[in-house]
Amino acid sequence: MGIGGTFANTIRKALNSVVPKKLWPKIKKRLRFAFNQRGIRLPVMCGVELERPSLSYIDHAIIIDTDFSYDLPRFIRKFKVYINAEIARARKKEQMEDEEDY
2 MGIGGTFANT
12 IRKALNSVVP
22 KKLWPKIKKR
32 LRFAFNQRGI
42 RLPVMCGVEL
52 ERPSLSYIDH
62 AIIIDTDFSY
72 DLPRFIRKFK
82 VYINAEIARA
92 RKKEQMEDEE
102 DY
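Note that the sequence shown covers residues 2 to 103 in this note's numbering.
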């Protein structure tokens, strides 16, 4: 965390003691409850579906372990749309820069 100024060291030490001892256990407890009671629905992104998630806890982090499956034709189609949009954006930017030169 980037903290600067006169009280930076004091604030950093306070946060480093409060977060692991007080905040982090509460966050883990709430996440564990939500995950076990209601479950977590992970989104499908570009045809990649995350399946059977599980949570692992380490200091200052939560790790989501998951398997995935994907729809290859949909993934390729979405990737092509993305690449074409990026190419169009780059061409438009180049065209606008060329117009500024005149």
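Cβ atoms here follow ideal geometry from the backbone N, Cα and C, with glycine treated the same way.
query = Three-state secondary structure (DSSP) at Phe76?
reply = helix
query = Would the beta-carbon of Ile63 fall within 8 Å of that of Leu32?
reply = yes
key: Nearest-angstrom Cβ-Cβ length linking Pro54 and Asp66, presumed shorter than 8 Å   = 7 Å
inquiry  = Could you tell me the alpha carbon to alpha carbon distance between Lys29 and Val19, rounded to whole angstroms?
reply    = 15 Å
ask   = Going by Cα to Cα distance, which pick from Lys14, Val45, Glu101 is closest to Ser70?
value = Checked all of Lys14, Val45, Glu101; the closest Cα to Ser70 is Val45.
message = By the three-class DSSP mapping on this structure, what secondary structure does Asp60 have?
response = coil
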